[in-house]
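Q: Here's a structure for you.
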Amino acid sequence: MKTQTMNLTQPKVTPGTIDEDDVYRNRFARPGKPLESNIIIESGALRKLETRGREFVPALCHEAKNYLVVDEIVDEVYGDKVLQGFRDAGLDVYKIVTPADAVDESGNPSAERHKTLAVFSNCVNEILESGISKNSCIISLGGGVVNNLCGFIASSLYRGITLVHITTSMMGMTDAAIDFKQAVNHQLGKNLLGSYYPATNIVIDPEVLETLSKRHILNGISEALKHALCQSRNMTEAIVDPLDNDIHQALRNSEYLEMVCRECIDHKVPTLTHYHESDFNEMVPQYGHAIAHAVEHLSFHSKGVSPLLHGEAVAIGMCVTAEVSHILGVCDESTVDEHYSYVSRAGLPVYVPDGIGIEGIQNKLCYDKHYVKKPTMGLLAEIGKMHCNRDGSFSVEVDNEVINQALVNHMKRRDEADRCSDLYTIEASNTLKTGHPSSAGFTVASDGSDSNPASDRSHSRSDSMESGSDRSSSPATFDWDPMTAKTFGTRQQGISNCYCNPWECQC
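Position 110, counted from 1, in the sequence shown is what UniProt numbering calls 110; the numbers after and before it change by one each time, with no gaps.
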C-alpha cells in the first residue's frame, strides 16, 4: 500500500530552552473546549419530547447510549414521562435515580444531603458498567443539586462527554443551572469538588413549576431579584409589583414566572460571557452572599430557629449588605430603605431570625470564598447600580467593625418593625407552634389544589434528621443556643435584646 505524503503544518519538534541556571524549560498548550451553553425556554417542552427531544440532545449523541439522571422526588412526577419522551424521539436513553429527602430540616424536599462523592461514585459506576462511548450524553432532570451532580459526572467521564440540563426548580432556572460551575459537596464544605464545564443545552419548561411549592418558587425568585437590584430598577419593579399585588396568584402565573426567568437570564448572561473582563461579573452574582452563607448555615444549627432556604438567606444578606453600603458612605439611607421594601414586598424575609447572633455571623464570615484578610463584597450605590471603586474594580474589603455595626443597625430595625408576613416567617411560626411544617413539600395536584406528597414517601423527617443534622430533634423547642446567639436572644423567651459590641457586652 502506497504511503501518502503528510500535509501536516505543525512543527516536528518544539525545542526546549536552557535558562541561565542551566535548567531545561519547555511548555505545551492548546485551546480548550469552548465554554458555551444554549438556553431554551419553552412552555410544555417536557410534553413535546417526542418531537423536540432530538433538538435538546445534540446530534452527536443520537446513536449513542445516553443517561437520564433524576432524584427520587422529581422521578415520581416526571421521570418515566421524560424517559419515554426521549425514547419516543428515537433516542437510546436509560434512567438513573439518585437519593433525595422528602422532608429535610427546613421542612422542604431536598437532595442537598446527597450531593456527595458517594452518590457521584455510584452514578459513575452504574454508567460505566452499563456502557458509554465518547458520544454519550448525561441528561440531568431536577433542581440545582442534580444539575451540579450531573455536570461533574459529565466533565469526569472520558474526560468530558456531552451534558444537557433539564432544570425543574426556580432556583435552577434563575441561578444553579445557568452557569459553568459544576460540583459536589465535601464533608468540609459545599461545592469543594468540581469543575467548570458547559451544558450544551439548558432546557427550561415553566410548566414544571406547577408542581413546586410556592416557597421554593420564591426561593429562586430571590436570585433573580438579586440581579435586578444590582442591574436594573425596572426589572426590580417588574418582579416585585405582581408579588406585592397578589403573591399567591403571581406564584402560580406561568407567564409571570417565565418573565422572571427571561429577565434574570438576560441580565446574567453578560456576567458569564464577559466574566474575566471585570470583577463586576463576580460581585453581581455574589451580592448579599457573604452574609447569606453565614446566616443560612446558622439557621440549620441554632435551636429554636427555622432553617432558611438559600434564596431566603440571600434576601436577608442583601438587606444587611445595604446597611454596610450606607455605613461606608456608598449609598444613602433611601437605598437601604428600598432594599427592605422591595424584599419585603416580594414576600421574602428581610431580617436575621431571632436566635442568630452577631458573633455567630461574624465567626462564619471567614468561611466565605471571597474572604481573604477581610470579608469582600460588592455594594450598591443605588438600586440598579453597583458601586465602582476609583481603580475600576467593584469588590470592597469591609472591616469587621463595619459589618458589626451593619448587623446592629439591621437588628435594631428588626426589633422596631411590625410583625413580618413573608412565607418563611409564616411557615416558621406554624412549625414552632405545632412541630410540623405548614406547607412543606406542597405540590399542585391535578385539580390545582395544594397537596403534600411527603406523607406517602419512603423518606421521613426523622430519617433525614438522624443522618443529616445536629439540630435538636424537636422543631418546636424554644431553646436558645448561646454558642451561636451570644448577644441576641429569642423574643419568645423574654430575653431582652441589646445593641452592644458582642465582645464587650455585659448584658
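All C-beta atoms, glycine included, are put in the ideal place defined by N, C-alpha and C.
What separation, rounded to the nearest whole angstrom, lies between the Cα atoms of Val408 and Arg345?
A: Here the question's residue 408 lines up with position 408 in the sequence shown. Here the question's residue 345 lines up with position 345 in the sequence shown. So the two alpha carbons sit approximately 23 Å from each other.
Q: Comparing alpha-carbon positions, which option in Gly172, Gly378, Val164, Glu63 lies nearest Ile265?
A: Translated into positions along the sequence shown, residue 265 becomes position 265. It is Gly172.
Q: Are Arg233 and Ile139 closer than 8 Å when you measure CB to CB?
A: Taking the first residue of the sequence shown as 1, we reach residue 233 at position 233. Taking the first residue of the sequence shown as 1, we reach residue 139 at position 139. It is not a contact, given that the beta carbons lie outside the stated cut-off.
Q: Looking only at its own chain, which residues have a Cβ that is under 6 Å from the Cβ of Ile161, when we skip the five neighbours before and after it?
A: Indexing the sequence shown from 1 puts residue 161 at position 161. Excluding sequence neighbours, Ile161 sits near Ser136, Ala154.
Q: DSSP on Ala313, reduced to helix/strand/coil?
A: Walking along the sequence shown from the start, residue 313 turns up at place 313. If DSSP states are grouped into helix, strand and coil, Ala313 belongs with the helices.
Q: At which residues does the alpha helix (DSSP H) containing Gln236 begin and terminate?
A: Position 236 of the sequence shown, counting from 1, holds the residue named residue 236. The displayed chain sequence assigns Thr, not Gln, to residue 236. 233 to 245 is the span of the alpha helix (DSSP H), which, as asked, contains Thr236.
Q: Measure the CB-CB distance between Asp279 and Phe180 and report whether it falls below 8 Å.
A: In the sequence shown, the residue the question calls residue 279 occupies position 279. In the sequence shown, the residue the question calls residue 180 occupies position 180. No. Outside cutoff.
Q: So, do the region 327 to 334 and the region 304 to 311 have three or more beta carbon pairs nearer to each other than 8 Å?
A: no
Q: Can you tell me which of the three DSSP states Gln187 falls into?
A: For the purposes of this step, residue 187 is taken as the residue at position 187 of the sequence shown. Correct three-state label for Gln187: coil.
Q: For Val124, which residues from the same chain have a beta carbon less than 8 Å from its beta carbon, with the 5 sequence-adjacent residues on both sides left out?
A: Translated into the one-based positions of the sequence shown, residue 124 becomes position 124. Around Val124: Ile153, Ser156, Leu157.
Q: Specify the secondary structure class of Lys81 as computed by DSSP and reduced to three states.
A: For the purposes of this step, residue 81 is taken as residue 81 along the sequence shown, with counting starting at 1. Helix.
Q: DSSP three-state call for Cys331: helix, strand or coil?
A: As a working note, residue 331 is residue 331 in the sequence shown. Cys331 falls in the coil class under three-state DSSP.
Q: Nearest by alpha-carbon distance to Gly378: which of His227, Ala100, Glu36, Gln182 is it?
A: Position 378 of the sequence shown, counting from 1, holds the residue named residue 378. Checking every option, the nearest Cα to that of Gly378 belongs to His227.
Q: Taking its Cβ as the centre, do 16 or more other Cβ atoms sit within 10 Å of Lys115, making it buried, or is it exposed?
A: As a working mapping, residue 115 is identified with position 115 in the sequence shown. Of the residues assessed, Lys115 falls on the buried side of the cut-off, its CB having 16 or more other CB atoms within 10 angstroms.
Q: Taking Lys81 and Leu117 to be in contact with their CB atoms under 8 Å, please state how far apart those CB atoms are, rounded to whole angstroms.
A: For this step, residue 81 is matched to residue 81 along the sequence shown. For this step, residue 117 is matched to residue 117 along the sequence shown. Incorrect: roughly 30 Å between the Cβ atoms, too far for contact.
Q: Evaluate Ser121 with the Cβ neighbour count: other Cβ atoms within 10 Å of its Cβ, from every protein chain shown; 16 or more gives buried, anything less gives exposed.
A: Here residue 121 refers to the residue found at position 121 of the sequence shown. Note on Ser121: under 16 other CB atoms within 10 angstroms of its CB, so exposed under the neighbour-count rule.
Q: Name the two residues that bound the continuous alpha helix (DSSP H) containing Ile153.
A: Your numbering for residue 153 matches position 153 in the sequence shown. From DSSP, the alpha helix (DSSP H) with Ile153 extends over 144 to 156.
Q: Compare the C-alpha of Glu105 against each of Phe28, Glu20, Ser299 and name the closest.
A: Taking the first residue of the sequence shown as position 1, residue 105 is located at position 105. Nearest of Phe28, Glu20, Ser299 to Glu105, Cα basis: Ser299.
Q: Around the C-beta of Asn185, are 16 or more other C-beta atoms found within 10 angstroms, so that it is buried, or is it exposed?
A: As a position in the sequence shown, residue 185 is number 185, starting the count at 1. Asn185 comes out buried.
Q: Quick check on Asn66: buried or exposed, where buried means 16 or more other Cβ atoms within 10 Å of its Cβ?
A: Translated into the one-based positions of the sequence shown, residue 66 becomes position 66. Buried.
Q: Quick one, which of Glu20, Asp22, Phe28 has its alpha-carbon nearest Pro11's?
A: One-based indexing of the sequence shown puts residue 11 at position 11. Comparing Cα positions, the closest option is Phe28.
Q: Determine, for Leu229, whether the minimum Cβ-Cβ distance to residues of chain D falls below 8 Å.
A: In the displayed structure, chain D is absent; only one protein chain is listed.
Q: In whole angstroms, what is the alpha-carbon distance linking Arg159 and Tyr424?
A: Numbered from 1 along the sequence shown, position 159 holds the residue referred to as residue 159. Numbered from 1 along the sequence shown, position 424 holds the residue referred to as residue 424. Between Arg159 and Tyr424, the C-alpha separation is close to 42 Å.
Q: Only counting the same chain, and skipping five residues up and downstream in sequence, which positions put a Cβ closer than 7 Å to that of Arg25?
A: Within the sequence shown, the letter at position 25 stands for residue 25. Excluding residues within five positions, the ones whose Cβ falls inside 7 Å are Gly16, Thr17, Asp19.
Q: Just tell me which of Val57, Val119, Arg113, Val70 has its CA closest to the CA of Asp92.
A: Mapped onto the sequence shown, residue 92 falls at position 92. Among Val57, Val119, Arg113, Val70, the Cα nearest to that of Asp92 belongs to Val57.
Q: Is DSSP giving Gln182 helix, strand or coil here?
A: Walking along the sequence shown from the start, residue 182 turns up at place 182. Reduced to three states, the DSSP call for Gln182 is strand.
Q: For the beta strand (DSSP E) holding Asp201, just list the boundary residues, first then last.
A: Residue mapping note: residue 201 aligns to position 201 of the sequence shown, counting from 1. Note that residue 201 is Asn in the sequence shown, not Asp. Run containing Asn201: 201 to 204, per the beta strand (DSSP E) assignment.
Q: On the DSSP letters alone, give me the boundaries of the beta strand (DSSP E) that Thr98 sits inside.
A: On the sequence shown, residue 98 is found 98 positions in, with the first residue counted as 1. Taken as a continuous stretch (DSSP letters only), the beta strand (DSSP E) holding Thr98 covers 92 to 98.
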